[in-house]
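Some notes on the structure that comes next.
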Amino acid sequence: MTVRSSVVFRVNSRRFEVAGRDCLRTLADFLRRDLSLPGTKVVCAEGDCGACTVLLGGVSEGRLRYKAVNSCILPLYALDSCHVVTVEGLKDGESLSAVQTALIDNHAAQCGYCTPGFACAMTALAEGALAAGNDAISEKKARNGLTGNLCRCTGYDSILKAAQAIPLAGMTGLSERWHSDEHMREFVELRGRSVAIESGGIGVFIPATLADALRLKKSLPGLKIVGGATDTGVLVNKGVEKSVRVMSLAHVPELSQVRKDGEWAEVGASVTLDDLEAFAEAEAPELGRLLHVFASPQIKNRATLAGNAVNASPIGDLIPFLMVSDAELELKSAGGGRRVALDAFYQGYKKIDLRPDELVAAVRFRLPSTGSVTRLYKASRRKDLDISAVAFAARLELDGRTIRSARLAFGGVAPTVLRMKEIEALWTGAEFTRELVARASADLPVTPISDVRGSKEFRLRLCRNLMLKFADETLAGLPS
Ligand SMILES: Cc1cc2nc3c(=O)[nH]c(=O)nc-3n(C[C@H](O)[C@H](O)[C@H](O)COP(=O)(O)OP(=O)(O)OC[C@H]3O[C@@H](n4cnc5c(N)ncnc54)[C@H](O)[C@@H]3O)c2cc1C
Ligand code: FES
Ligand code: FES
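Now the structure itself:
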């Protein structure tokens, strides 16, 4: 198979091939400057406000599946073999789409700056509802689906009403409207051919096989892996990093799967948090609930579990859960592979046990067993789209009320997420009571810092209260 030296994607009804340094530009910039499609707005350029939302259609089971994404942090190389629909592409022939009409009929815009983003996010909601066979979008679904979009003048009531008023019956979804056998054939064929672009000091690689990815990582050790780019894209926009030599694993088929392996879950490096949420709802409901309040749909449609783990933030929301679930990282290099326990992977603030020639192929964690209790808490100033001040995860294996094993982890209290190993050892074999938890919570071995998300005293109080909440909720669920 010949290696390609450009990325190929479609925007609305046009096909593009982009090569060289342009591949590193953001989609929002490309739409507004090169394509004169100014409907897509840029406000925060950090994935927070949703003004830049567009729909990204990727190949899935012979169809294009469209999801809302933030174009301000999405590099063009991430669009390879995909179809982008912008607000200009929502129209059905000469008529406005059902979503756009619902926005007008419900007076859901004033200055209109946020409106294209809302129109695209609502179209994604409608796509999801159509795929699920629903005939309407409930208020709850509308609220959840629009957490990634901010409006500063209309007020949200009319926007939520518009979402619920979208007439799904008889509506033609984007997957049907934009379907073309010819485009699908081309995308599938392109995904089977690796991309290697090197020019003027930049490098963009999209290997089609894991073997190719590992070979590249060996020969170009400084090569940065980019997953969903939801951390990387923000850092690039802020000028904190350049990320000019990058590798995407999006076209390596075996890294895009989430599967059960006995009592373990194995989450491939490219599985998005949105797909993980669907898996977790069935297999690890507490993780499903946590993912429900993680970022926004736009972020979850791109972000990965591997990215959250490797980013190594002490307030990474998924890390405490992974720690109490005995998570391991499946690391691969051209020379072989190894598994590293996640709590050994972190060696200091953003210091990780990952060699330059290695990549994370998958994240494995133990699924909850019958008789175990897992609880996850995220304390943030806002419920939606906010980073934790403190996060707490606990998992107990119980025989009646006797603790067979305990796992506890806190985020936001130290340079890395911390396992409470001393408390875990002390609790093993003990009876689970409120007094046991209260004693441990009064003398926690954590030293949080004060910052914009809370003072150290506030954080310490949060830790104690979350432990007591955990005790009360767990005891309430145990037979008396
Ligand atoms: C608006 C917004 C809201 C957010 N909300 C939350 C939140 O609520 N909770 C939270 O925890 N985080 C949040 N984040 C942070 C971010 O979305 C997560 O950390 C996400 O999981 C990162 O995944 P990614 O695939 O996008 O990572 P990327 O940006 O692609 O990569 C992150 C890091 O991981 C490395 N990496 C990625 N994949 C691999 C691999 N396979 N092998 C080796 N290295 C790899 C990259 O090199 C990079 O250093 C938010 C971000 C934004 C912009
Ligand atoms: S401009 Fe705010 S999310 Fe992209
Ligand atoms: S209509 Fe003005 S910001 Fe939403």
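Letter by letter, the sequence shown follows residues 17 to 496 of my numbering.
Note that CB positions come from ideal geometry on N, CA and C, so glycine has one too.
Inter-residue Cα distance where the pair is residue i and residue j
i, j, result
"Glu447", "Ala296", "30 Å"
"Asp290", "Val101", "19 Å"
"Ile465", "Gly364", "15 Å"
"Ser404", "Gly428", "7 Å"
"Glu270", "Val453", "43 Å"
"Cys167", "Glu374", "42 Å"
"Leu303", "Asp247", "21 Å"
"Gln314", "Ser496", "44 Å"
"Leu162", "Ala181", "15 Å"
"Gly105", "Pro183", "19 Å"
"Ala425", "Phe337", "8 Å"
"Val468", "Tyr172", "27 Å"
"Ala378", "Gly353", "11 Å"
"Thr131", "Cys65", "11 Å"
"Lys234", "Gly351", "9 Å"
"Ala492", "Leu414", "14 Å"
"Lys83", "Gly238", "31 Å"
"Arg159", "Ala178", "12 Å"
"Glu202", "Leu112", "29 Å"
Residue i - partner residues in DSSP beta bridges
i, result
"Leu434", "Phe426"
"Cys98", "Phe25"
"Asp415", "Thr418"
"Pro91", "Thr42"
"Ile368", "Tyr362"
"Gly128", "Gly128 pairs with nothing; no bridge assigned."
Check: residue i C-beta below 7 Å from any heavy atom of ligand 3
i, result
"Thr170", "yes"
"Tyr82", "no"
"Cys130", "yes"
"Ala125", "yes"
"Cys39", "no"
"Cys167", "yes"
Other residues of its chain near residue i: CB distance less than 8 Å, five sequence neighbours each side excluded
i, result
"Glu33", "Ser22, Val23, Val24"
"Arg355", "Glu344, Leu345, Glu346, Leu347, Arg380"
"Ala224", "Met17, Arg207, Gly208, Arg209, Ser210, His267, Val268"
"Leu95", "Val23, Phe25, Leu43, Leu72"
"Gly36", "Ile213, Ser215, Gly216, Ile218"
"Leu482", "Tyr393, Ala395, Val406, Phe408"
"Lys316", "Thr288, Leu289, Asp290, Glu293, Leu307, Phe310"
Contacting residues, own chain, Cβ-Cβ under 6 Å from residue i (five flanking each side not counted)
i, result
"Ala357", "Glu344"
"Arg20", "Arg209, Val211"
"Gln126", "Cys169, Thr170"
"Glu299", "Leu383"
"Gly470", "Ala405"
"Gly189", "Glu143, Leu146"
"Ser191", "Arg79, Leu80"
"Phe221", "Ala212, Leu232, Met263"
"Asp342", "Arg382"
"Arg480", "Ser457"
Check whether residue i and residue j have beta carbons under 8 Å apart
i, j, result
"Leu251", "Leu392", "no"
"Thr390", "Arg411", "yes"
"Lys240", "Val262", "yes"
"Val309", "Lys437", "no"
"Ser259", "Val242", "yes"
"Leu40", "Ile153", "no"
"Ser174", "Asn122", "yes"
"Val462", "Ala430", "yes"
"Ala67", "Val58", "yes"
"Val376", "Val326", "yes"
"Val103", "Val85", "no"
Any non-hydrogen atom of ligand 2 within 7 Å of residue i CB
i, result
"Val58", "yes"
"Ala67", "yes"
"Asn86", "yes"
"Asp45", "no"
"Ala61", "yes"
"Asp402", "no"
Distance cut-off 7 Å: residue i Cβ against heavy atoms of ligand 1
i, result
"Ala395", "no"
"Arg382", "no"
"Thr42", "no"
"Val242", "yes"
"Asp291", "no"
"Asn317", "no"
"Ala285", "yes"
"Asn327", "yes"
Cut-off 7 Å between Cβ atoms - residues of its own chain near residue i, not counting five sequence neighbours on either side
i, result
"Ala525", "The first residue shown for the chain is 17 and the last is 496, placing residue 525 beyond what the model contains."
"Gly244", "Thr288, Arg318, Ala319, Thr320, Gly323"
"Leu230", "Lys348, Ser349, Ala350"
"Glu155", "Leu176, Gln180"
"Cys98", "Phe25, Leu72, Gly73, Gly74"
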